[in-house]
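Sequences listed follow chains Y and Z, in order.
The first sequence begins at 1 in the numbering used here and counts up one residue at a time.
The second sequence begins at 1 in the numbering used here and counts up one residue at a time.
All C-beta atoms in this analysis are idealised placements derived from N, C-alpha and C, irrespective of residue type, glycine included.
What follows is a single structure, written as structure tokens, with notes after it.
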Amino acid sequence: EAGVAQSPRYKIIEKRQSVAFWCNPISGHATLYWYQQILGQGPKLLIQFQNNGVVDDSQLPKDRFSAERLKGVDSTLKIQPAKLEDSAVYLCASSLIRTSGYNEQFFGPGTRLTVL
Amino acid sequence: GNSVTQMEGPVTLSEEAFLTINCTYTATGYPSLFWYVQYPGEGLQLLLKATKADDKGSNKGFEATYRKETTSFHLEKGSVQVSDSAVYFCAQTSGTYKYIFGTGTRLKVLA
Chain Y
1 EAGVAQSPRY KIIEKRQSVA FWCNPISGHA TLYWYQQILG QGPKLLIQFQ NNGVVDDSQL
61 PKDRFSAERL KGVDSTLKIQ PAKLEDSAVY LCASSLIRTS GYNEQFFGPG TRLTVL
Chain Z
1 GNSVTQMEGP VTLSEEAFLT INCTYTATGY PSLFWYVQYP GEGLQLLLKA TKADDKGSNK
61 GFEATYRKET TSFHLEKGSV QVSDSAVYFC AQTSGTYKYI FGTGTRLKVL A
């Protein structure tokens with residue numbers, strides 16, 4: 001079974017530029033997550049989709065970050081304009097829908113963003 | 001609010017040494033607890049889990065026991081290998097989806 005795919009793996013941009021990341025979840029996984037992992041910290045949830053609807057975007061800096069999941073499969077996360085503090089690894093994860101218990105989340109390899 | 005605290009790294013051990021990585025949590029209610037591992041250049045992978053008090057999760061020689069009385073979920077392995085070198089994350093979820101991760105502990109095992 002193919003895992004969660006992300007691209008690009010690395011990106012270097014200058015501050016105030018724009019950048020976009022792409023994620024393709026595991027086939028059949030209705031739930032998709034974007035996390036930000038700053039060096040030395042654990043992953044922090046930015047946004048969660050269920051199919052193509054947003055379930056939780058409470059920690060997404062909406063003045064500069066946006067995300068979409070058209071057709072309920074692939075997703076893109078965009079930063080416009082980027083700031084130095086956006087330098088981080090951006091992780092995508094996906095899971096099945098569960099109504100109780102826990103969801104095991106499967107993570108992609110991440111995109112390492114460096115903002116100069 | 002809910003949180004996860006794990007020991008600072010890096011932890012450097014010789015091959016076949018005993019490993020303990022401490023993890024404690026704060027939560028309202030009874031969360032499920034997890035250890036994830038991140039090998040260099042890869043995403044996080046679920047290592048083991050425990051969903052209720054006194055449960056023991058185990059996988060690949062690693063173990064962790066859900067201790068409600070001490071709000072802990074320490075990771076242990078009796079004999080580490082060089083291939084265990086990675087970053088280990090403790091995490092909790094109190095709902096069906098929202099994970100809270102610790103800051104990670106880097107383990108380096110020397111041959």
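When burial is assigned at 16 or more other CB atoms within 10 Å of the CB, is residue i buried or exposed?
i, result
"Z:Ala50", "buried"
"Z:Lys52", "exposed"
"Y:Ile47", "buried"
"Y:Phe21", "buried"
"Z:Asp84", "buried"
"Z:Thr105", "buried"
"Z:Thr93", "buried"
"Y:Ala2", "exposed"
"Y:Arg69", "buried"
"Z:Pro31", "buried"
"Z:Gly41", "exposed"
Do residue i and residue j have their CB atoms nearer than 8 Å?
i, j, result
"Y:Thr76", "Y:Gln50", "no"
"Z:Phe62", "Y:Gly42", "no"
"Y:Ala88", "Y:Gln17", "no"
"Z:Cys90", "Z:Val4", "yes"
"Z:Leu19", "Z:Lys77", "yes"
"Y:Val4", "Y:Ala93", "yes"
"Y:Ile26", "Y:Phe106", "yes"
"Z:Thr70", "Y:Gly40", "no"
Opposite residue i in the DSSP bridges: which residues?
i, result
"Z:Thr112", "Any answer about residue 112 of chain Z is impossible in this case: the structure gives chain Z only from 1 up to 111."
"Y:Ala67", "Y:Leu77"
"Y:Ser7", "Y:Trp22"
"Y:Ile12", "Y:Thr114"
"Z:Ile21", "Z:Leu75"
Could you tell me how far apart the beta carbons of residue i and residue j are, in whole angstroms, since I believe they sit closer than 8 Å?
i, j, result
"Y:Leu96", "Y:Gly108", "Actually they are not in contact, since the Cβ atoms of Y:Leu96 and Y:Gly108 sit about 16 Å apart, beyond 8 Å."
"Z:Leu185", "Z:Gly43", "The requested residue 185 of chain Z does not occur in the structure, where chain Z is confined to residues 1 to 111."
"Z:Tyr117", "Z:Asp55", "Here chain Z comprises residues numbered 1 to 111, so residue 117 of chain Z is not present and cannot be evaluated."
"Z:Leu110", "Z:Glu15", "7 Å"
"Z:Ser72", "Z:Thr28", "Contact doesn't hold; Cβ gap of about 17 Å is too wide."
"Y:Lys44", "Y:Tyr33", "Their Cβ separation, rounded to whole angstroms, is 11 Å, which puts Y:Lys44 and Y:Tyr33 out of contact at 8 Å."
Anything in chain Y within Cβ reach of residue i, meaning under 7 Å, just list it in chain order.
i, result
"Z:Leu46", "Glu104"
Could you work out which residues of chain Z lie near residue i, taking near to mean beta carbons separated by less than 9 Å?
i, result
"Y:Glu109", "For clarity, residue 109 of chain Y is Pro in the given sequence; the question names Glu instead. In chain order: Gly41, Glu42 and Gly43."
Mind listing the chain Y neighbours of residue i? Cutoff is C-beta to C-beta under 8 Å, in chain order.
i, result
"Z:Thr103", "Gly40, Gln41 and Gly42"
In chain Z, what lies closer than 8 Å to residue i by C-beta?
i, result
"Y:Val4", "Gly43"
"Y:Leu91", "Gly43 and Leu44"
Kindly list, in the order they appear in chain Y, the residues whose Cβ is closer than 9 Å to that of residue i.
i, result
"Z:Phe89", "Gly42 and Pro43"
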